[in-house]
Amino acid sequence: MSTTMSFRSSLLRPLAVAALAFGLAAPALAAEGAPKPPREEWSFAGPFGTFDQAQVQRGFQVFKEVCASCHAAHLFSFRNLAQPGGPSFSEAQAKAVAEGYQVQDGPNDAGDMFDRPGRLSDRWPSPFPNEQAARASNGGAYPPDFSTLAKARTYEVGFPGFLIDIFTQYQENGVDYIHALLVGYEEPPEGFALPEGAHYNKYFPGHAIKMPQPLSDGQVTYTDGTPETLDQYSRDVTAFMMWMAEPHLEARKRLGFQVMIFLIIFAGLLYFTKKKVWKSVGH
Amino acid sequence: MSGHSTFEPKHPALKWFESRLPLVGLIHSSFVAYPTPRNLNYWWTFGGILSLMLVCQIVSGVVLVMHYTPHITLAFDSVEHIMRDVSYGWLIRYIHSNGASMFFIAVYIHMFRGLYYGSYKAPREVLWILGCIIYLLMMATAFMGYVLPWGQMSFWGATVITNLFSAFPVVGPTIVEWLWGGFSVDNATLNRFFSLHYLLPFMIAGVVVLHVWALHVVGQNNPTGVEPKSPKDTVPFTPYATIKDGFGMVCFLIFFAWFLFYIPNYLGHADNYIPANPLVTPAHIVPEWYYLPFYAMLRAVPDKLGGVLTMFGAIIVLFFVPWLDTSKVRSGVYRPLFKQFFWIWVAVCIGLGWLGAKPAEGGYVIAGRILTIYYFAHFLIILPLLGLFEKPKAVPASITEAVLGKNRGAAPASAGVSAPQTKG
């Protein structure tokens, strides 16, 4: 018994280490050696940034048709599709999406669980019942949940860039990384020992990623004439992921501008009041 | 708090109340008539800014608690529920998380100001020590608050920091189990941290009351370090200090709003948007920026217990600054050598902060050791010796003289002092 146990654990240990290195929640900080992802143009960047509604809708399509077959988004509800500041589908459209899914409910009066069409109030159904099932279907790697993923990834900017980012309001580390990752699949360079079942990605920390290249040209059919290219898909789905991670981004930036205007005017008034009060007192 | 109040209530109801509890008189003497040096610069507005931040953190925190669930299976999702579903929940949560950083920015400026102008020297030693206690309480509060969202950095930060106590001989492991409420960072840990995170801010508020009380007994220091000698040297708190503090606060709020509305996750860690997972260690476990200098010191010492003692020592040494600084001159303005060493020390603190964010390897560790030694040398060697060897510049006879020069001053100053009193 004990020999079997120790045999098994010694067998499992390298597997666990491999899982740690490749799939299992990739570390948020890009490891040393990985190139910095290029900084892309995003409609939601900057103080007046807003989501490009058409882009987020396309991104949702990519998510639904491709990503969602492995990745969960357990904090995402169908009703979110119809809320302002994102894909902003009509309520009828969001309902139609929900009804396309079977959701388990119950127990009913007989004590049985039953399936019914999805409602707006339902969460996005996860592709796997639990983490173990997800790993078993994905070569031991756990496809991370999309709910907060765009904020859960970053890369090291380094000095002095990280200070400049305060002034330029650069906050798109996560989306730049994810976009770069999606277009960063390459043939491994000469002499790179790619582990079994892994794929080479230029931007992934350690370069060996368990996820096969998920998107390629022409994979998803757009109805609005947008180019059906890998780069476009990556941009669209990343914008969608940003919205999913920060659904109130537009409201935040809008309120921020109002607050800034108020505070700056208030500060100006206080400054001149202060000047008047202190006028006769040398200090 | 500054002696007898000059407040005389006019309204009969207020007279009745005031003769039973002189509350309005206390407020009047503390925040209206309280004499404040006329030469205070904007570095002195950070006391008011800190009070504002404390109130801001308590109010936003109380609202967050209404929606938060302190359980390891629910905490992460309940924070996300606040971010997504609660009305303006994203605003309240970002106020609270960024507010913690703003609180620390303000407290560091406040402490640097005190150290530069010698605000810790007699008779303000107790005032200074109370401030150090507030700082310690803030560190503990912020640490436990960061654990509550139960993200990866919450969990691993809690694991690393609580494990530090295991370095103490004999009692160490027992202390750690006692802190955890079990044999690892788990639900019991989260619950006690939540409880204490709610308690400590009110303890801070209590010590702040003592801090302000001590301040109003000994009076404010000022850029010259010369005590007020005549009524000419001071102005009443209201309107002079209130309007200046108010302006300082609003400017600080603009700075706060920049982070809050435009880069709310800049000061946090991306890893904390990954739910806590005891089986996966993040590539780099880094504490929040305000602990980084101490984290660098912890890792600079090869011995674990030595590192822990060094880290705590870096804060403990602040308690003894009033007695380590031997100079007779209070303000750094009149101490040419001290001034240079002060700025070197500030640079060392920033350098340690930068090192704290770097991996503990190679040159970073060596640099960390040098800067750690310098940090302590500043307090234990440089400050005591400077007082003995430095030749300070001539200190002005009074605040008014410093402000207006030797021959001017009497007329505008007294006008300034009497004006608000005749008005009010």
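These protein sequences, in sequence, are chains C and F.
With the first letter of the first sequence counted as 1, position 176 gets the number 175 in numbering that gives the first Met the number 0; the numbers rise by one all the way through.
With the first letter of the second sequence counted as 1, position 367 gets the number 366 in numbering that gives the first Met the number 0; the numbers rise by one all the way through.
Positions of the beta carbon are idealized from the N, C-alpha and C atoms, including for glycine.
Among all the DSSP beta bridges, which residues are the ones paired with residue i?
i: C:Arg-115; result: C:Val-102
i: F:Pro-34; result: F:Pro-235
i: C:Ser-76; result: C:Arg-122
i: F:Gly-150; result: F:Pro-274
i: C:Asn-200; result: C:Tyr-184
i: C:Ile-208; result: C:His-198
With residue i and residue j assumed to form a contact (beta carbons below 8 Å), what rounded beta-carbon distance in angstroms separates them?
i: F:Leu-129; j: F:Val-216; result: At roughly 11 Å, the Cβ-Cβ gap does not stay under 8 Å, so F:Leu-129 and F:Val-216 are not in contact.
i: F:His-268; j: F:Val-285; result: 7 Å
i: C:Val-276; j: F:Pro-281; result: About 52 Å; that fails the 8 Å criterion.
i: C:Pro-187; j: C:Tyr-199; result: 4 Å
i: F:Leu-178; j: F:Phe-164; result: 7 Å
i: F:Phe-236; j: F:Val-402; result: Contact flag wrong, Cβ pair sits at about 18 Å.
i: F:Asp-270; j: F:Gln-151; result: 4 Å
i: F:Leu-323; j: F:Phe-378; result: 5 Å
i: C:Ile-163; j: F:Tyr-265; result: That belief does not hold up - the Cβ atoms of C:Ile-163 and F:Tyr-265 are roughly 12 Å apart, past 8 Å.
i: F:Val-62; j: F:Ile-91; result: 5 Å
i: F:Tyr-428; j: F:Val-78; result: Any property of residue 428 of chain F remains undetermined from this structure, which presents chain F solely from 0 to 423.
i: F:Tyr-272; j: C:Thr-147; result: 4 Å
i: F:Leu-304; j: F:Phe-167; result: 7 Å
i: C:Gly-85; j: C:Glu-98; result: C:Gly-85 to C:Glu-98, Cβ: 20 Å. No contact.
i: F:Ile-48; j: F:Met-137; result: Contact flag wrong, Cβ pair sits at about 14 Å.
i: F:Cys-250; j: C:Ala-151; result: At roughly 34 Å, the Cβ-Cβ gap does not stay under 8 Å, so F:Cys-250 and C:Ala-151 are not in contact.
i: F:Leu-189; j: F:Ala-139; result: In fact, because the Cβ distance is near 16 Å, the residues do not count as touching under 8 Å.
Going by alpha carbons, who is nearest to residue i out of the options?
i: C:Gly-173; options: C:Leu-229, C:Trp-242 and C:Gly-205; result: C:Trp-242
i: F:Asn-276; options: F:Cys-348, F:Arg-123, F:Ala-157 and F:Trp-344; result: F:Ala-157
i: F:Arg-191; options: F:Gly-180, F:Val-78 and F:Leu-384; result: F:Gly-180
i: C:Asp-114; options: C:Ser-120, C:Asp-104 and C:Trp-123; result: C:Asp-104
i: F:Pro-335; options: F:Leu-291, F:Tyr-116, F:Val-125 and F:Thr-233; result: F:Tyr-116
i: F:Met-52; options: F:Val-31, F:Phe-75, F:Phe-16 and F:Ala-105; result: F:Ala-105
i: C:Lys-35; options: C:Leu-180, C:Phe-145, C:Gly-281 and C:Pro-83; result: C:Leu-180
i: F:Lys-231; options: C:Leu-74, C:Arg-122, C:Ala-151 and C:Ser-279; result: C:Ser-279
i: C:Met-214; options: C:Ala-207, C:Ala-151 and C:Val-236; result: The sequence shown places Leu at residue 214 of chain C, not Met. Closest by alpha carbon: C:Val-236.
i: F:Pro-292; options: F:Lys-327, F:Gly-352 and F:Cys-250; result: F:Gly-352
i: C:Ala-207; options: C:Thr-153, C:Gly-183, C:Gly-117 and C:Gly-157; result: C:Gly-183
i: F:Ile-146; options: F:Tyr-197, F:Glu-7, F:Pro-168 and F:Arg-112; result: The amino acid at residue 146 of chain F is misidentified as Ile; the sequence shows Val. It is F:Tyr-197 whose Cα lies nearest to the Cα of F:Val-146.
i: F:Val-321; options: F:Ser-229, F:Glu-287 and F:Ala-121; result: According to the sequence provided, residue 321 of chain F is Pro. The question's Val does not apply to it. The residue with the shortest Cα to Cα distance from F:Pro-321 is F:Ala-121.
i: C:Glu-130; options: C:Glu-39, C:Gly-117 and C:Asp-144; result: C:Asp-144
i: F:Tyr-374; options: F:Ala-359, F:Val-345, F:Val-170 and F:Gly-218; result: F:Val-345
i: F:Val-211; options: F:Leu-13, F:Ser-50, F:Ile-381 and F:Ala-141; result: F:Ser-50
i: C:Ala-93; options: C:Leu-119, C:Asp-111 and C:Ala-109; result: C:Leu-119
i: F:Lys-390; options: F:Ser-326, F:His-27 and F:Trp-42; result: F:Ser-326
i: C:Ala-197; options: C:Leu-229, C:Gln-212 and C:Phe-59; result: C:Gln-212
i: F:Lys-243; options: F:Ile-314, F:Asn-40 and F:Ala-356; result: F:Asn-40
i: C:Lys-63; options: C:Leu-254, C:Tyr-232 and C:Ile-264; result: C:Tyr-232
i: C:Lys-201; options: C:Pro-194, C:Pro-159, C:Leu-80 and C:Glu-185; result: C:Glu-185
i: F:Gln-56; options: F:Arg-112, F:Arg-19 and F:Ser-100; result: F:Ser-100
Contact list for the segment 224-243 of chain F against chain C, Cβ threshold 8 Å = Per Cβ criterion, the list reads Val-234, Pro-238, Tyr-239, Ile-242 and Lys-243.
Mind checking the segment 171-198 of chain F against chain C and listing, in chain order, the residues whose C-beta falls within less than 7 Å of any C-beta there?
-> Flagged: no residues at all.
Take every Cβ of the segment 392-399 of chain F, pair it with every Cβ of the segment 31-43 of chain F, and state whether three or more of those distances are shorter than 8 Å.
-> The segment 392-399 of chain F vs the segment 31-43 of chain F: in contact.
Near-chain F residues of the segment 248-280 of chain C - C-beta to any C-beta below 7 Å = Look at the segment 248-280 of chain C: the residues with a C-beta under 7 Å from a C-beta of chain F are Arg-251, Lys-252, Leu-254, Gly-255, Val-258, Met-259, Leu-262, Ile-263, Phe-265, Ala-266, Leu-269, Tyr-270, Thr-272, Lys-273, Val-276, Trp-277, Ser-279 and Val-280.
May I ask you to verify whether the segment 367-381 of chain F touches the segment 256-273 of chain F, counting CB pairs closer than 8 Å and requiring at least 3?
-> The answer is no - the segment 256-273 of chain F does not touch the segment 367-381 of chain F, with fewer than three Cβ pairs under 8 Å.
Could you run through the segment 52-83 of chain F and flag, in chain order, every residue whose CB is less than 7 Å away from some CB of chain C?
-> Asp-76, Glu-79 and Arg-83
Could you run through the segment 17-44 of chain F and flag, in chain order, every residue whose CB is less than 7 Å away from some CB of chain C?
-> Arg-37 and Asn-38
Does the pairing of the segment 133-142 of chain C with the segment 249-256 of chain F give three or more beta-carbon distances under 8 Å?
-> no
Anything in the segment 46-69 of chain C with a Cβ closer than 8 Å to a Cβ of chain F? List those residues in chain order, please.
-> Pro-46
Is there contact between the segment 262-277 of chain C and the segment 81-89 of chain C, where contact requires at least three CB pairs shorter than 8 Å?
-> Under the 8 Å Cβ criterion, the segment 262-277 of chain C does not count as touching the segment 81-89 of chain C, having fewer than three qualifying pairs.
Can you give me, in chain order, the residues of the segment 129-153 of chain C that have a beta carbon less than 9 Å from any beta carbon in chain F?
-> Residues of the segment 129-153 of chain C with a C-beta atom less than 9 Å from some C-beta of chain F are Pro-143, Asp-144, Ser-146, Thr-147, Leu-148, Ala-149, Lys-150, Ala-151, Arg-152 and Thr-153, listed in chain order.
Got a sec: which bits of the segment 152-176 of chain C sit with their beta carbon under 8 Å from any beta carbon on chain F, in order along the chain?
-> Within the segment 152-176 of chain C, the qualifying residues are Arg-152, Thr-153, Phe-158, Asp-164, Ile-165, Gln-168, Tyr-169, Gln-170, Asn-172 and Gly-173.
Short-range partners of chain F found in the segment 228-249 of chain C, where Cβ spacing is below 7 Å | Pro-246 and His-247
Would you call the segment 45-57 of chain C and the segment 247-254 of chain C touching, i.e. three or more CB-CB distances under 8 Å?
-> yes
Answer yes if the segment 181-190 of chain F comes into contact with the segment 68-76 of chain F, meaning at least three C-beta pairs across the two stretches below 8 Å, and no otherwise.
-> yes
Would you check if the segment 63-78 of chain C and the segment 106-123 of chain C touch, i.e. whether three or more CB-CB distances between them fall below 8 Å?
-> Judged by Cβ distances under 8 Å, the segment 106-123 of chain C makes contact with the segment 63-78 of chain C, as three or more pairs qualify.
Give a yes or no on contact between the segment 218-227 of chain C and the segment 218-231 of chain F, applying the rule of three or more CB pairs nearer than 8 Å.
-> No: the two stretches stay apart, fewer than three of their Cβ pairs being nearer than 8 Å.
Are at least three pairs of beta-carbons, each pair with one atom in the segment 312-320 of chain F and one in the segment 130-142 of chain F, less than 8 Å apart?
-> Yes, the segment 312-320 of chain F is in contact with the segment 130-142 of chain F.
Residues of the segment 97-119 of chain F whose Cβ lies closer than 7 Å to any Cβ of chain C, in chain order = none
Members of the segment 101-120 of chain C that neighbour chain F once the beta carbon cut-off is set at 8 Å | Within the segment 101-120 of chain C, no residue qualifies.
What are the residues of the segment 335-348 of chain F that lie near chain C, defined by any Cβ-Cβ distance shorter than 7 Å?
-> For the segment 335-348 of chain F, which is checked against every Cβ of chain C, not one residue is closer than 7 Å.
Short-range partners of chain C found in the segment 302-332 of chain F, where Cβ spacing is below 7 Å | none
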